[in-house]
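The structure appears below as C-alpha cells.
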Amino acid sequence: MMRLQSIIGQERPIRFLTQMLQKKSVPHALLFTGIDGIGKQTTAVAFGMALNCLSPVGESACEQCPSCQKVVSGTHPDIIIVKPEGAFIKIDQIRTISRQLRFAPLEGRWRVVIINDAHAMNLEASNAILKILEEPPKSTVIILTASQKTDLLPTIVSRCRQIAFGPIPYEKVSETLVELRGLDRQTATTLAVLTKGSLGKALSVDGEKWTIWRKRLLEQVASLSTRSVQPVFAFADTLSRDKDKLFDALDIIMTWFRDILMCKVSPERIINKDCAAEIRNALQGRSINELLEKMEAVQATQTAISRNSNPRLALEVMMMRLLK
Ligand SMILES: [Zn+2]
C-alpha cells in the first residue's frame, strides 16, 4: 500500500512526482498542500521509497528490497519525519535536522526530510528551515506539508515546488470504506461526503457509532420547537461540551437543512438518505427562504466559533434561529 501508484485519489500529484523520477530531476524542496487526511505524508514517504528503491520496476518501488522494507517498517535512516511536538515544531527539532544534513545520506541515494504540518513551525524554526533551503544539501529533498501555502513564510514557499493535493473523490473514499471497514454503501457514502474527501478522517471514524450519533443529532434538530425552549438550551449545552465533535456536528446540522432544500428540487441528491422520510416530513410548510436562513444561521455559528466566540452562547443564538 505504500507505492506511489497505490495512493488513492491523487492522480495529478502522483503524475508530477513520477515525472520527476523519470527525468531524474528532483527539486531540493517540495511543498504539498491540502486538507488533512488526503495522503500528503503517505505520498512523501512513498516518494522517498521510490527514490531509494534498489530494484525499481520502471518508476515504481519494488516494496521487496532491503531499502523498501526499511521504509515500510519506518526504520530507513534517510527518511526523516518531523512533526509538531505539542502545538509547534520547535527550533531544536530543525537544529537536529540541520546537523544531520551536514553528512551524506547514511544508506540511501537520497535523504528525504518530511516536515509535516510545516505551518506549525514557530518563527525561529521557520527561519532555520529557510537557511537550509537557501543552501540546499546534496542528495536531499525536503518535503513540507501544510493546509495552504499562505500559512507559511512567502520566502519558504518561493523556494519550494508546490504540489496541490485535492480532496479525494467521494466515490473513492466510499469504496475504500466499504473495502477496508466493511461499512454498508450508504453509511460509507454519507461519511465520505461529511468528511469532505478526507480519507484519513473517514477511516478514523467508527462507522456504526458515528451513524447512531449522526441520527440522534438529526432527530434533535428535527424536534427543535418553540413549544418548549428548555430542551433547546440543553441541546446547545451538550454540543458545546464536546469540542472535538463540535465542527462535525455543525456540518451535520447543515446537511439537514441542505437536504430539506434539496428534497424540494432533486430528492435523489440528499446526503442523509437513511433519513429520507424524516426529511420529506420536515419539508412540509417550509419556504426556500426559511431554509436558506437556517443554513445561514449554522454557517454564521461555524464562523463565530472558529473565531473564538464562546461556543455555548453562539450555539444558543443559533438554536433560537433554527426554531420553527
Ligand atoms: Zn525496492
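For any residue, its number in the working numbering is found by taking its place in the sequence shown, counting from 1, and adding 82.
Built from N, CA and C at the ideal position, the CB exists for glycine as well.
Because the structure is a prediction, the values reported are computed rather than measured.
Reducing DSSP to helix, strand and coil, say where residue i ends up.
| i | result |
| --- | --- |
| M401 | helix |
| A186 | coil |
| I171 | strand |
| S322 | helix |
| I163 | strand |
| S142 | strand |
| S348 | coil |
| C147 | coil |
| S388 | helix |
| S88 | helix |
| Q312 | helix |
| D356 | helix |
| V153 | helix |
| Q268 | helix |
| Q302 | helix |
| V275 | helix |
| R368 | coil |
| K406 | coil |
| S286 | helix |
| S280 | coil |
| S307 | coil |
Give me the residue from the options with the minimum Cα distance to residue i.
| i | options | result |
| --- | --- | --- |
| D319 | G121, H158, N198 and M401 | M401 |
| P236 | K254, V260 and H201 | H201 |
| M84 | G130, I117 and G279 | G130 |
| I335 | N371, A379 and I370 | A379 |
| G279 | N209, L299 and I250 | I250 |
| S369 | T383, A382 and V347 | V347 |
| T227 | I173, W192, F114 and R191 | F114 |
| T178 | A169, V164, E253 and F170 | V164 |
| R181 | A169, G168 and I162 | I162 |
| D160 | P393, L343 and L183 | L183 |
| G331 | A169, Q312, L300 and V154 | Note on residue identity: the sequence assigns Ala, not Gly, to residue 331. Of the candidates A169, Q312, L300 and V154, the one whose C-alpha sits nearest the C-alpha of A331 is L300. |
| V153 | A386, L86 and I361 | L86 |
| I141 | I96, F339 and T277 | Here the sequence assigns Glu to residue 141, which means Ile is not the residue at that position. Answer by Cα proximity: I96. |
| L205 | L259, N371 and I238 | I238 |
| L276 | C357, K213 and D333 | D333 |
| A169 | A186, M203, S149 and V314 | M203 |
| P393 | N363, F317 and K355 | F317 |
| H110 | S391, I196, V314 and A382 | I196 |
| N371 | S388, P313 and L343 | L343 |
| G116 | S310, I361, Q230 and K291 | Q230 |
| L99 | E167, F247, H158 and L215 | F247 |
Could you tell me if residue i is buried or exposed, where buried requires 16 or more neighbouring beta carbons within 10 angstroms of its beta carbon?
| i | result |
| --- | --- |
| D341 | buried |
| F403 | Correcting the residue type first, residue 403 is Arg in the shown sequence and not Phe. Exposed. |
| D288 | exposed |
| D199 | buried |
| S256 | buried |
| Q123 | buried |
| A284 | buried |
| L405 | exposed |
| G156 | exposed |
| A125 | Checking the sequence, you will find Thr at residue 125 rather than Ala. So T125 counts as buried. |
| L281 | buried |
| K376 | buried |
| L395 | exposed |
| K366 | Contrary to the premise, residue 366 reads as Gln rather than Lys in this sequence. It is exposed - the Cβ of Q366 has fewer than 16 other Cβ atoms within 10 Å. |
| I89 | buried |
| F339 | buried |
| I294 | exposed |
| R241 | buried |
| T385 | exposed |
| A359 | exposed |
| A354 | Residue identity check: residue 354 is Asn in the sequence provided, not Ala. So N354 counts as buried. |
| V139 | exposed |
| P148 | exposed |
| R296 | buried |
Relative to ligand 2, is the shortest distance from any of its heavy atoms to the C-beta of residue i smaller than 8 angstroms?
| i | result |
| --- | --- |
| S149 | No copy of ligand 2 occurs in the structure displayed; its ligands are ligand 1 alone. |
Please tell me whether residue i has its Cβ less than 9 angstroms away from any Cβ of chain D.
| i | result |
| --- | --- |
| I238 | You won't find chain D in this structure, because it holds only one protein chain. |
Quick one: complete alpha helix (DSSP H) runs, 4+ long, within the region 188 to 261? 205 to 216 and 236 to 239
Could you tell me whether the region 133 to 142 touches the region 264 to 274, where touching means 3 or more Cβ pairs closer than 8 angstroms? no
Touching or not, the region 271 to 287 and the region 304 to 312, by the rule of three or more beta carbon pairs under 8 angstroms? no
What are the uninterrupted segments assigned as beta strand (DSSP E) that are 3 or more residues long and contained completely in the region 105 to 140, given in chain order? 111 to 115
The region 89 to 105 contacting the region 226 to 235, beta-carbon criterion three pairs below 8 angstroms: no
Does the region 344 to 361 come close enough to the region 323 to 333 that 3 or more CB-CB pairs lie under 8 angstroms? no
When you compare the region 183 to 195 with the region 215 to 230, are there three or more beta-carbon pairs, one atom per stretch, that lie closer than 8 angstroms? yes
Indicate whether the contact test is met: 3 or more Cβ pairs, each with one atom in the region 168 to 177 and one in the region 205 to 218, closer than 8 angstroms. In short, these stretches touch, since the Cβ pair count reaches three.
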